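Counting from 1 along the first sequence, just add 19 to a position and that's the residue number in the numbering used here.
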Amino acid sequence: MLQLSVLRDQTDHVLAGLAKKRYATGPADVAAILDLNQRRRQLQTSHDSAQAEANELARQIGGLMKSGDKAGAETLKARTAELKQHTQSAAAELAQVEKEQQQLLYKLPNLPHTSVPEGRAAADNEIVREHGTKPELGSDAVPHWDLIKKYDIIDFELGVKITGAGFPVYKGQGARLQRALINFFLDEARAAGYTEMQPPILVNEASGYGTGQLPDKEGQMYHDAKDDLYLIPTAEVPLTNIYRDEIIPVEKLPVRITGHTPCFRREAGSWGADVRGLNRLHQFDKVEIVQITEPEHSYAALDTMVAHIEGLLQKLELPYRVLRLCGGDMGFTSALTFDLEVWSAAQGRWLEVSSASNFETYQANRLKCRYKVDGKTQLLHTLNGSALALPRIVAALLENNQTSEGIKLPAVLHSYCGFGMIIEKPVNDVLDIMKSKNKKDYTKYLFDGALHNKGQLVNAVVAKYVYKNPLVSIGKLFEIFPASIQGSWGVFTIKEQAESINNGITKKGTPAKPRYKTKPNNIIKVGQIEIATSDQWNTENISAFIEAATKVGFDINPDSTVETL
RNA sequence: AGAGAGGUGGCAGAGUGGUCGAAUGCGACGGUUUCGAAAACCGUUAUACCGGCAACGGUAUCGGGGGUUCGAAUCCCCCCUUCUCUACCA
């Protein structure tokens, strides 16, 4: 909300700013507000002086009552009644005028910063810089809405069943990628000095007004009428409202906070080709960074926020560009906004993944978020930025990194995900096969193909995903496989176990079935561990296993050497 | 969800119809004193709006809203919220 003092003292500046923002009814609205304001002040002056007189009379009446002069008191009461009538009508009119003034003030958008370019729409935005090279994809490259089906990681149909369109279900590696990104973003924000918060995702009406979603953009939020609460469209709302009605001690500035929340947007209408797949959703996840600073530091803070977001995109190895939004394309409450867009190679278009804005005092004025300087209370500046919104990041990661073997994730995510590549065969399927009685299926699956690639992949996947061992050495792989599975597979087993089986007794003490017996001479040493294998395994294909696992992004212990004993 | 008790200035805590924006204590800030500090003493110590160049004056605010009254922190009604017990639940 613009400050009345600014409207009064810098009317021309305000009108110019509103024009730049393409706010059509600026002159009329401002004139109306100033009129109302003048009327309001008259009314208050009149009301206050009447009230002052009434207060004084009340005091006198009190004195007269005490001294027992009832008649005197009654005389004064007559005047009091007149005054009361006057103050009441003045107060009623004052409330009405105030309300009208307030409604008009709420309608006015923030004024743009001087650096904001003129323009009407997205095409007029200024491209500040571009970073990274767009990947060259093969002719068989497909957009993410096909990839998520191929790898079975995000399911829109399931979401429709449970909720409705725009509420996808993230599955398996898809769900884990989401969780990994959230953790990565939060860790990076913390490292950059932001304190992590977990705010509510339902907010009350006052919070909606505080950050400017209400009263104008009511339709964009989901509303629970029963409790009069709104589902947040962004963490900006609860995070910034933490500081509503606060006078922040200057030594606590700047405030830097971050939080991950789901975000909900009704986004009525506008469904089409540009909003397929993950491009626009009703529910999505986002990590937000918020700063509250002294006015003189806010633009420097905005720069650090943009730099922080760029750092994330660089670590994710995504090509991006930074836009300075033009007056007509900016948000209602913003004074300066940088959008960050990521190149989504298969769609061949830029996707907005972040928006970082300085709201100057616009939100602070609504929030009554202030600090004291030289004994005077002053409005602070609020800023926020997405760091980052997940769905379009996921879309770009999927599209840009697609290969015939799977989707190669950037190195920074490997430890967060627990895997380096999204592959076609879901882990759970492998597990199901392993657990099933149908060992033929598994064996077939495992040893299909010339170099046993699929089976090798499966083993690596099982070790990495199922047993959650991030540093998988081939020796470790054998160590961490439960004996029951090893035995059932008839694939490999640790030497001593093989020996006990060959002696006719399993480790559990139950008699071993003869068909699982391993030839005692088929012992291979991997690293420090001696492994008894079945016939299918030898130094050659275990080495191939290591190679394959490495290829799909596992950190294989380089010390793993394979030798036959 | 039911029953009971609360919500007062930065904090603690008085105040149950009349100069109460609010005692007192603590904290914080300024000063006196001191070589310096401590102690002691003196003073200051909310927010918003209106009028005024300013000094200053006025109005409102004791969880929020409404009511009674010449006058409300104090009485009445509604709502929010905290605590205790019961019920239920992750």
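Beta carbons are placed, not taken as given, at the ideal position from N, Cα and C, and that holds for glycine. These figures come from a predicted structure and were not determined experimentally.
My assumption, with CB atoms under 8 Å, is that residue i sits in contact with residue j. Please give the rounded CB distance.
i: K190; j: D165; result: Contact doesn't hold; Cβ gap of about 16 Å is too wide.
i: I276; j: T230; result: 14 Å between Cβ atoms; not a contact.
i: N298; j: L370; result: 7 Å
i: L21; j: L127; result: 5 Å
i: E336; j: Y170; result: About 19 Å; that fails the 8 Å criterion.
Among residues of its own chain, excluding the 5 on either side of residue i, which ones have a beta-carbon nearer than 7 Å to its beta-carbon?
i: R58; result: V116
i: A141; result: D348
i: K96; result: I80
i: I146; result: R340, L342
i: A408; result: F303, K305, V372, S373
i: V161; result: A365
i: A38; result: G45
i: L113; result: R59, L62, Q63, H66
i: A51; result: L123
i: L205; result: E215, T277, H279, V306
i: L34; result: G45, P46, V49
Give the DSSP-derived three-state secondary structure of residue i in the structure shown.
i: N56; result: helix
i: V33; result: helix
i: A469; result: Note that A469 has pLDDT 23, beneath the 50 cutoff, so the model's placement of it is unreliable and the number below is only indicative. Residue state, collapsed to three classes: coil.
i: K180; result: helix
i: C388; result: strand
i: P314; result: helix
i: Y339; result: strand
i: L366; result: First, the amino acid is wrong: residue 366 is Gln here, not Leu. DSSP places Q366 in coil when its eight states are reduced to three.
i: T133; result: coil
i: Y42; result: coil
i: D322; result: helix
i: D393; result: coil
i: T380; result: helix
i: T277; result: strand
i: Q217; result: coil
i: K427; result: strand
i: R139; result: coil
i: L417; result: helix
i: R209; result: helix
i: I267; result: coil
i: V222; result: strand
i: M349; result: coil
i: V147; result: strand
i: L233; result: coil
i: E155; result: coil
i: R295; result: coil
i: G81; result: helix
i: A160; result: coil
i: Q70; result: helix
Sorted by chain position, which residues of the same chain lie with C-beta nearer than 6 Å to residue i's C-beta, five sequence neighbours on each side aside?
i: H132; result: A354, L355
i: L386; result: G229, R263
i: L200; result: L409
i: G91; result: L83
i: Y125; result: P234
i: Q192; result: I172, I441
i: V280; result: Reading off the sequence, residue 280 comes out as Thr, not Val. The residues are I220, A254.
i: A109; result: L62, S65, H66
i: I267; result: Y390
Residues bridged to residue i by DSSP?
i: G404; result: I308, A375
i: V188; result: D174
i: Q104; result: None, per the DSSP bridge assignment.
i: F357; result: R343, A375
i: Q302; result: F283
i: D623; result: The displayed coordinates of the chain run from 20 to 584. Any statement about residue 623 would go beyond what the structure contains.
i: L398; result: R389
i: M440; result: K427
Got a sec? Which residues, its chain only, sit under 8 Å from residue i by beta carbon, not counting five neighbours each side?
i: L428; result: L196, L416, N420, C436, F438, G439, M440, I441, G572
i: R285; result: G238, Q239, M240, Y241, H301
i: E207; result: H327, G330, L331, K334, A406
i: R148; result: R340, V341
i: N144; result: P136, G138, L342, R343, L344, C345, D348, D358
i: V269; result: E313, Y390, K391, V392
Shorter than 7 Å, the distance from the beta carbon of residue i to the closest heavy atom of the ligand SAH, or not?
i: L321; result: This structure simply doesn't include the ligand SAH, nor any ligand for that matter.
- Three or more C-beta pairs closer than 8 Å, one from the region 241 to 248 and one from the region 210 to 226: is that the case here? yes
- Message: Would the region 150 to 168 count as touching the region 388 to 402 if we require 3 or more Cβ pairs under 8 Å?
- Response: no
- Message: With three or more C-beta pairs closer than 8 Å as the rule, is the region 23 to 39 touching the region 67 to 76?
- Response: no
- Task: Could you say if the region 94 to 109 and the region 317 to 332 meet the contact criterion of at least three C-beta pairs nearer than 8 Å?
- Result: no
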